[in-house]
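Chemist:
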């Protein structure tokens, strides 16, 4: 039986591997946004970070595809049965549309204790996601800088 930390690592590795096969441009944007997401959570809180990522994912063009992947990969950990899901206070048997407000709405209906617990779990999971993104996706070549950080809410 795997420990929770082993499950986090396995889940994060699977998610980053989903992106690795894509063209180089979404890869570097994904890498950049995964690297920045933990600081966005710390600065704004998990619900606001998810709402910001949702707004950026639903824009047309630009790095919207990279934002969609980040949003789906962090949300999936919280609600997917193969992730933290069944242990999550926000887990439900109903499927979530990660590109909607379903998860943020569910989180807003929970208690403060549940939100704190969820944010702690997200930060722990993000360490793995960030580590694998940095390990498996090369940084942009010199002259091509990573995307600028998005402004917080």
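Residue numbers (this note's numbering): 1233 to 1385. The beta-carbon is built from N, C-alpha and C at its ideal position, and this holds for glycine as well.
(1) Apart from the five residues just before and just after residue 1385, which ones in its own chain have a Cβ nearer than 6 Å to its Cβ?
(2) From residue 1302 to residue 1278, what distance separates their C-alpha atoms?
(3) Excluding the 5 residues preceding and the 5 following residue 1362 in the sequence, name in chain order all residues of the same chain whose CB lies nearer than 7 Å to its CB.
(4) Only counting the same chain, and skipping five residues up and downstream in sequence, which positions put a Cβ closer than 8 Å to that of residue 1273?
(5) Over the uninterrupted alpha helix (DSSP H) stretch that includes residue 1319, give me the two end residues.
(6) Closest by CA to residue 1369, which one among 1307, 1251, 1339 and 1236?
(7) With 16 other CB atoms within 10 Å as the buried threshold, where does residue 1310 fall?
(8) Is the separation between the beta-carbon of residue 1244 and that of residue 1360 shorter than 8 Å?
Modeler: Answer, in terms of the structure:
(1) Residue confidence is low: residue 1385 scores 43 on pLDDT, short of 50, so the model does not pin down where it sits. Its coordinate-derived value is still stated next. Contacts found: 1276, 1280 and 1284.
(2) 14 Å
(3) 1266, 1267 and 1270
(4) 1281, 1351, 1354, 1355 and 1358
(5) No alpha helix (DSSP H) contains residue 1319, which DSSP labels as neither H nor E.
(6) 1251
(7) buried
(8) yes
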